[in-house]
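Input: a single structure, listed below in structure tokens.
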Amino acid sequence: MAEPRISSIDGKLAEEFAVPSHVEEVKEKMSAFAMDHVAAGRRVVLITSGGTKVPLESRTVRFLDNFSSGRRGAASAEYFIDSGYAVIFLHRHRSLYPYTRTFSTINMLDALQLRSGEAASEVVVNQQVLPNIAQVLTRYQEVKDSRLLLPIEFNTLSEYLHLLKAAAQALSTIGSKAMFYLAAAVSDFYIPASEMPEHKIQSSNGPLQLSLNMVPKILSPLVKDWAPQAFVISFKLETDATILLEKARRALDTYRHQVVVANVLDSRRGYVVVVTAETQAELLLTEEDVKNEVEIEERIVSNLTTAHNKFITQQVGGQ
Ligand code: PMT
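Under UniProt numbering, think of the first position of the sequence shown as 1, with each following residue one higher.
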């Protein structure tokens, strides 16, 4: 068997981004999860979700963050499970989570009531605050009992990069049955471990000037080296709609993966373009869809599961 290629990004990752202590343990967990589900006839999708945190000090007081709520990743996880996939959910700690996301804006104490006339321990759910709780709880428990969702948390950019690499290597054993759905908003800038001050930066030293290095584009080794047979989807986010599609096409040309889902910050909940080397599909929610609480993630997942089917058939046909 050919030796795996060692890319320069592997070296950079090892030198400049602190390796999380539990990475090997998590890798084994992901590998076992993938093998078990594929043996049971399922496909496996790795979803990344939420924003990465970039520390400015190693004993971190301050950090750079971004806007991502994790809603796209969390909603998509539910639709992938409904479509028969097992999901590894690599998400930012405390970003939106599948199933509980529906209740994220509710104050827990407003959702509970003491049953009048009974002991204080008798607490019931206020059905007016949580009208659909029974339905969501039933689905959540089914998914939990079937072990269809493997949650893995990250906080910092370093954790994200190392855990994504571990996931890619863990899923390489299931070849084209693996899908990567890279919806996380990943920082493009960081301070290398060797240049980071240990202690809190002092304001008494005057105005702060930061010099940030470029984060290596992790898509490149993922597609070429770590999981070369997988079906890979990246996301392209812009605030200027006029450059979006050109940037999406350029990403496909550069990384040679299968799909880019292109979205603009302000309209991301109702409109995306799914771009492949040969096609371009606009997915749009109408006013009627919004009234009926249809989510754009349902459309995205439906489009991608169909494309993944085709991809697998072509790979098998091509062997
Ligand atoms: O979480 P929500 O609030 O619901 O919002 C969803 C979303 C807008 C975050 C999501 O739809 C989205 O667009 N995510 C990708 C945002 C982003 O980081 O885009 P980018 O242009 O910086 O990166 C493009 C792709 O390259 C991404 O798939 C990213 O995973 C990947 N990348 C980025 C940086 C890096 N160093 N290496 C990478 O591989």
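Beta carbons: idealized from backbone N, C-alpha and C, even for Gly.
All figures in this text were calculated on a predicted structure; none of them were measured in a lab.
Check	Outcome
Buried or exposed by the 16-neighbour rule on C-beta atoms within 10 Å, applied to Thr306	exposed
Cα-Cα separation, Val23 to Ala184	19 angstroms
For Leu163 and residue 332, believed in contact at Cβ under 8 angstroms, the rounded distance	The question about residue 332 has no answer here: the residues shown for the chain are numbered 1 through 319.
C-alpha distance - Ser172 paired with Val26, whole-angstrom precision	15 angstroms
Residue(s) in a DSSP beta bridge with Met214	Phe189
Distance between Phe17 and Ala178 (C-alpha atoms, nearest Å)	26 angstroms
Any residue whose CB is nearer than 6 angstroms to a heavy atom belonging to ligand 1, listed in chain order	Ser68, Ser69, Gly70, Arg71, Arg72, Leu182, Ala183, Ala184, Ala185, Val186, Asp188, Val215, Lys217, Ile218, Leu219, Ser234, Phe235, Lys236, Leu237, Asn263, Arg268
Exposure of Met30, with buried meaning 16 or more beta-carbon neighbours within 10 Å	buried
Simplified DSSP assignment, three categories, for Pro98	coil
Where Pro221 falls: helix, strand or coil (DSSP)	helix
Assumed close pair Arg72, Arg101 - CB separation to whole angstroms, cut-off 8 angstroms	Incorrect: roughly 10 angstroms between the Cβ atoms, too far for contact.
Ala281 and Ile174 closer than 8 angstroms at C-beta	no
Straight-line Cα distance separating Val61 from Gln128	41 angstroms
Ile296 vs Leu285 beta-carbon contact at 8 angstroms	yes
Closest by C-alpha distance to Arg59, when choosing among His199, Pro131, Leu157, Leu149	His199
Alpha carbon of Asn66 to alpha carbon of Tyr79, nearest angstrom	25 angstroms
Identity of the residue in Asn309, Val294, Ile81 nearest Tyr140 by Cα	Ile81
Segment limits, beta strand (DSSP E) that includes Leu62	According to the sequence displayed, residue 62 carries Arg and not Leu. First-last for Arg62: undefined, no H or E at that position.
Entirely enclosed beta strand (DSSP E) segments - the stretch 116-203, minimum 3 residues	123-125, 149-154, 178-182
Host alpha helix (DSSP H) of Glu78 (start-end)	71-82
Nearest-angstrom Cα separation, counted from Val274 out to Gly84	21 angstroms
With 16 other Cβ atoms within 10 Å as the buried cut-off, status of Gly51	buried
Ala39 versus Lys291: straight-line alpha-carbon distance, rounded	40 angstroms
Test item: CB-CB of Ser69 and Leu96 under 8 angstroms	yes
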